[in-house]
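Enquirer: For the sequence shown, counting from 1, position 217 maps to 217 in the UniProt record's numbering; every step adds exactly one.
We put the CB at the ideal spot given by N, CA and C, even for glycine.
Let me give you the structure first, and then I'll get to my questions.
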Amino acid sequence: MRLPRRVPWESIAELEQVCSWIFADEADLNAKQRAIDRLAAWKAAVPLPHALDSTHAILSVILQDGTAATSSSYLSLRMSYASAIIRLVNGLVDPLQLGAYARSIHSIAQQLGLPAWFVELRHAATHEDLPSLEVLRDAAKQAMAWLLDNYFLPTLNPVTPSSGAAPPLRPLSPPLKQYKAIMKATTRDATLHVEYRAEITKVMRDIERWIAEAKVASASAAGGVRWEDGQEDGDEEDVREKWALDRLAEVLVDRGMLVPLSKKKRISPDQGSLALPRSSIAIWSPLLTHLQSLHPTLPLHLVNAITSHLSRAHTPPCDADFGAETVSLAVAAQDPKDDPTYDLCLASWAKWLADNCPTYVADPEDAAELRESIIVRIVSTLSPARVDGSTSKAANALLRSVSAERPRLAAALSVLTQMPAQASQDWDDNIVNVMDTRLNTLLALSNGSTEDETGSPGASIAFAESTQLPPGWRRLTERDGWRPAPIGIYVACA
Numbered sequence: 001m002r003l004p005r006r007v008p009w010e011s012i013a014e015l016e017q018v019c020s021w022i023f024a025d026e027a028d029l030n031a032k033q034r035a036i037d038r039l040a041a042w043k044a045a046v047p048l049p050h051a052l053d054s055t056h057a058i059l060s061v062i063l064q065d066g067t068a069a070t071s072s073s074y075l076s077l078r079m080s081y082a083s084a085i086i087r088l089v090n091g092l093v094d095p096l097q098l099g100a101y102a103r104s105i106h107s108i109a110q111q112l113g114l115p116a117w118f119v120e121l122r123h124a125a126t127h128e129d130l131p132s133l134e135v136l137r138d139a140a141k142q143a144m145a146w147l148l149d150n151y152f153l154p155t156l157n158p159v160t161p162s163s164g165a166a167p168p169l170r171p172l173s174p175p176l177k178q179y180k181a182i183m184k185a186t187t188r189d190a191t192l193h194v195e196y197r198a199e200i201t202k203v204m205r206d207i208e209r210w211i212a213e214a215k216v217a218s219a220s221a222a223g224g225v226r227w228e229d230g231q232e233d234g235d236e237e238d239v240r241e242k243w244a245l246d247r248l249a250e251v252l253v254d255r256g257m258l259v260p261l262s263k264k265k266r267i268s269p270d271q272g273s274l275a276l277p278r279s280s281i282a283i284w285s286p287l288l289t290h291l292q293s294l295h296p297t298l299p300l301h302l303v304n305a306i307t308s309h310l311s312r313a314h315t316p317p318c319d320a321d322f323g324a325e326t327v328s329l330a331v332a333a334q335d336p337k338d339d340p341t342y343d344l345c346l347a348s349w350a351k352w353l354a355d356n357c358p359t360y361v362a363d364p365e366d367a368a369e370l371r372e373s374i375i376v377r378i379v380s381t382l383s384p385a386r387v388d389g390s391t392s393k394a395a396n397a398l399l400r401s402v403s404a405e406r407p408r409l410a411a412a413l414s415v416l417t418q419m420p421a422q423a424s425q426d427w428d429d430n431i432v433n434v435m436d437t438r439l440n441t442l443l444a445l446s447n448g449s450t451e452d453e454t455g456s457p458g459a460s461i462a463f464a465e466s467t468q469l470p471p472g473w474r475r476l477t478e479r480d481g482w483r484p485a486p487i488g489i490y491v492a493c494a
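Here's what the structure looks like:
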């Protein structure tokens, strides 16, 4: 759960007022000075989001430029403009260098929708001749317009998306197919491994860069540029990481990736165990272990993608009262991806992830925790109570396989399997009445009510007095002056 976000303004009306001071009248220097003073006061109280910090810096230079009377300030204005633009670009790009390998500033700026010539101006102002004052003035004006479209308007009206649409995330299939083709060649002829080592490293870096790009794209998927509050939220990077790894897992579990296109290379439904072909392990295990070393939670995301598919595969028709002809049409209209060999191959990969991925974790406690998390994810998604055993052979085979070496888990699954399934039409009024009675009793106790569901007074007090407590303890009631309050709030006794 993310913590509440701390902002410098007391209400959104204050930010709206600052926005009107800045952008309502370009020639009103007094209003811009009021905006600078307000931003300076906020900055003294709390760390500003980078957008407001850059707005304060650029606006200060614009106001200084508008009131400068002598030519002696020409160089200082150029340096001030350049410094403000450099800080704007660096503050946007540097926090998004999230991958193991560095990405170009231009590619990150392109994903953010930042004008490309801002990056070129930043490079020129840092490493080459200082740009002219006219160019810097134009850059400052466009920077303020970009901040208005990408920060102020989306913040004041979150429903309205930013005007500059970020480019779509490039597809992941081409680098994965390139990796698969190289690894297939090296597995057939081991002598080619040395020759293709550089290409394998290059394509692995390309896949890792895609993950970094996906982290940036997660902000666009959430509605635009994510502006931090000056201090990094500890869970923020995890949110981006989860989104990127979920997209990676979706591509990996598709046909032609972890699961071969040819059915001859998959697991036969008549095979007794969920044992992957050696060729598949030789092709994909180097990439999976490499990515796991950089992203430890990748096995969980892969297992989640696999179990999500298995849990919805081979779903029987919902309307059991239809005739045989209707049922046949429903079965014929099922997703063509519902393939027994495809499902069994995915289940085998889930078993392989549970058995092998924790072995690549150095810390034994972390390895045990990862293995337990994978097993819990499999069982919670594919439990017999949620999957029809007669139609989901791959799901049942995976459950049997992971529980074979865990007696307690096997016993629990056995109990769940023997429990009769309760269809919705089997519910009657008596069951509903029992549930209502229990719910009303719990609500009466939790609310401190002196009246139960039947209307008899003092039910909760009688229950409190009848409960056996350890010697020296007694249960407080409203007669003792007790009243409910949130945890951590001191309530003075009346």
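1. Are the beta-carbon atoms belonging to L252 and L245 less than 7 Å from one another?
2. To the nearest angstrom, how far is the alpha carbon of L63 from that of D53?
3. According to DSSP, what are the bridge partners of R255?
4. Between which two residues does the alpha helix (DSSP H) containing Q110 stretch?
5. Could you compute how far the alpha carbon of P175 sits from the alpha carbon of E208?
6. Just to confirm before moving on: does the CB-CB distance between H295 and A249 stay below 7 Å?
7. When the Cα atoms are used, what is the spatial distance from R6 to V46?
8. Taking S83 as part of the alpha helix (DSSP H), name the residues at either end of that continuous run.
9. Quick check: the Cα distance between S460 and N430, rounded to an integer number of angstroms?
10. Please state if the CB of L274 and the CB of S348 are separated by a distance shorter than 7 Å.
11. Alpha carbons only, please: which of I58, I378, G66, D189 is nearest the one belonging to A282?
12. Which residue from A350, C345, L39, T297 puts its Cα closest to that of R240?
13. Go ahead and pull the three-state DSSP assignment for P299.
14. By a C-beta neighbour count over all protein chains shown, 10 Å radius and 16 as the cutoff for buried, is R266 buried or exposed?
15. Taking 7 Å as the cut-off, decide whether the C-beta atoms of L136 and R78 are in contact.
16. Taking 7 Å as the cut-off, decide whether the C-beta atoms of V93 and S80 are in contact.
17. Going by the C-beta, is Y360 closer than 6 Å to any heavy atom of the ligand GTP?
18. Quick one: give me the first and last residue of the alpha helix (DSSP H) that E134 is part of.
19. According to DSSP, is Y360 part of a helix, a strand, or is it coil?
20. Give the straight-line distance between the Cα atoms of A140 and R247, rounded to the nearest whole angstrom.
21. In this structure, does DSSP put residue 495 in helix, strand or coil?
22. Between which two residues does the alpha helix (DSSP H) carrying V61 extend?
23. I'd like the list of long-range same chain contacts for E120, defined as Cβ closer than 8 Å, with 5 residues on each side in sequence excluded.
24. A404 lies in the alpha helix (DSSP H); which residues open and close that run?
25. Please report the residue range of the alpha helix (DSSP H) in which V194 lies.
26. Is K337 helix, strand or coil when you go by DSSP?
27. Three-state secondary structure (DSSP) at A125?
28. Do you know how far the Cα of A116 is from the Cα of H106?
29. What residue range does the alpha helix (DSSP H) around L96 cover?
30. Taking the alpha helix (DSSP H) that T289 falls in, what are its first and last residues?
31. What is the DSSP secondary structure of P174, reduced to helix, strand or coil?
32. At which residues does the alpha helix (DSSP H) containing P154 begin and terminate?
33. Starting from R38, trace the alpha helix (DSSP H) both ways and give me its first and last residue.
34. Taking C-beta to C-beta, are A40 and I22 nearer than 7 Å?
Expert: In terms of the structure at hand:
1. As a first step, residue 252 must be located in the sequence shown, where it is residue number 252. As a first step, residue 245 must be located in the sequence shown, where it is residue number 245. Going by C-beta atoms, L252 is not nearer than 7 Å to L245.
2. Counting from 1 along the sequence shown, the entry for residue 63 is found at position 63. Counting from 1 along the sequence shown, the entry for residue 53 is found at position 53. A direct Cα-to-Cα measurement between L63 and D53 gives close to 15 Å.
3. As a working note, residue 255 is residue 255 in the sequence shown. For R255, which the question treats as bridged, DSSP gives the partners V259.
4. Here the question's residue 110 lines up with position 110 in the sequence shown. Run containing Q110: 105-112, per the alpha helix (DSSP H) assignment.
5. Along the sequence shown, one-based indexing puts residue 175 at 175. Along the sequence shown, one-based indexing puts residue 208 at 208. Each residue's Cα considered, the two are about 10 Å apart.
6. Working through the sequence shown from its first residue, we reach residue 295 at position 295. Working through the sequence shown from its first residue, we reach residue 249 at position 249. With contacts defined as CB atoms closer than 7 Å, H295 and A249 fail to qualify as a contacting pair.
7. If you number the sequence shown from 1, residue 6 lands on position 6. If you number the sequence shown from 1, residue 46 lands on position 46. Inter-residue distance for R6 and V46 is about 8 Å (C-alpha atoms, whole angstroms).
8. Within the sequence shown, the letter at position 83 stands for residue 83. Residues 74-93.
9. Locating residue 460 in the sequence shown gives position 460, counting from the first residue. Locating residue 430 in the sequence shown gives position 430, counting from the first residue. Here the model assigns S460 a pLDDT of 46, short of 50, so the residue's position is not dependable and the matter cannot be decided.
10. Here the question's residue 348 lines up with position 348 in the sequence shown. Here the question's residue 274 lines up with position 274 in the sequence shown. Yes, these two residues count as a Cβ contact at 7 Å.
11. On the sequence shown, position 282 is the one that residue 282 refers to. Of the candidates I58, I378, G66, D189, the one whose C-alpha sits nearest the C-alpha of A282 is D189.
12. As a position in the sequence shown, residue 240 is number 240, starting the count at 1. Minimum Cα distance to R240 is reached at T297.
13. Position 299 of the sequence shown, counted from the start, is the residue given in the question as residue 299. Residue state, collapsed to three classes: helix.
14. Mapped onto the sequence shown, residue 266 falls at position 266. Buried: at least 16 other Cβ atoms inside 10 Å.
15. Locating residue 136 in the sequence shown gives position 136, where the first residue counts as 1. Locating residue 78 in the sequence shown gives position 78, where the first residue counts as 1. Yes. Within cutoff.
16. Indexing the sequence shown from 1 puts residue 93 at position 93. Indexing the sequence shown from 1 puts residue 80 at position 80. Cβ distance not < 7 Å, so V93 and S80 don't count as in contact.
17. No copy of the ligand GTP appears in this structure; indeed no ligand is present at all.
18. Counting from one through the sequence shown, the residue named residue 134 turns up at place 134. 133-147 is the span of the alpha helix (DSSP H), which, as asked, contains E134.
19. In the sequence shown, the residue the question calls residue 360 occupies position 360. In the three-state reduction of the DSSP assignment, Y360 falls in the helix class.
20. The residue you call residue 140 lines up with position 140 of the sequence shown. The residue you call residue 247 lines up with position 247 of the sequence shown. Inter-residue distance for A140 and R247 is about 37 Å (C-alpha atoms, whole angstroms).
21. Only positions 1 to 494 of the chain appear in the structure, and residue 495 is not among them; the question remains open.
22. Stepping through the sequence shown from its first residue, residue 61 is reached at position 61. Counting along the chain, the alpha helix (DSSP H) containing V61 begins and ends at 50-67.
23. Numbered from 1 along the sequence shown, position 120 holds the residue referred to as residue 120. Once the five neighbours on either side are set aside, E120 has no close Cβ partner at all.
24. Here residue 404 refers to the residue found at position 404 when the sequence shown is read from its first residue. First-last for A404: undefined, no H or E at that position.
25. Stepping through the sequence shown from its first residue, residue 194 is reached at position 194. Per DSSP, V194 belongs to no alpha helix (DSSP H) and is neither H nor E.
26. The residue you call residue 337 lines up with position 337 of the sequence shown. Only weak support is given to the placement of K337: the predicted model assigns it a pLDDT of 49, under 50, and the question is left unresolved by the model.
27. For this step, residue 125 is matched to residue 125 along the sequence shown. Looking at A125 - three-state DSSP - the assignment turns out to be helix.
28. Position 106 of the sequence shown, counted from the first residue, corresponds to residue 106. Position 116 of the sequence shown, counted from the first residue, corresponds to residue 116. In a straight line, the C-alpha of H106 is about 7 Å away from that of A116.
29. Taking the sequence shown and counting its residues from 1, the one referred to as residue 96 is at position 96. Secondary structure note for L96: it is in no alpha helix (DSSP H), with a DSSP letter that is neither H nor E.
30. Counted from its first residue, the sequence shown places residue 289 at position 289. For T289, the enclosing alpha helix (DSSP H) covers residues 278-294.
31. Residue numbering aside, residue 174 sits at position 174 when the sequence shown is read from its first letter. In the structure shown, P174 sits in a helix (DSSP, three-state: H, G or I).
32. In the sequence shown, counting from the first residue as 1, residue 154 sits at position 154. First-last of the alpha helix (DSSP H) with P154: 153-156.
33. On the sequence shown, position 38 is the one that residue 38 refers to. From DSSP, the alpha helix (DSSP H) with R38 extends over 29-45.
34. Counting from 1 along the sequence shown, the entry for residue 40 is found at position 40. Counting from 1 along the sequence shown, the entry for residue 22 is found at position 22. No, they are not a contact pair.
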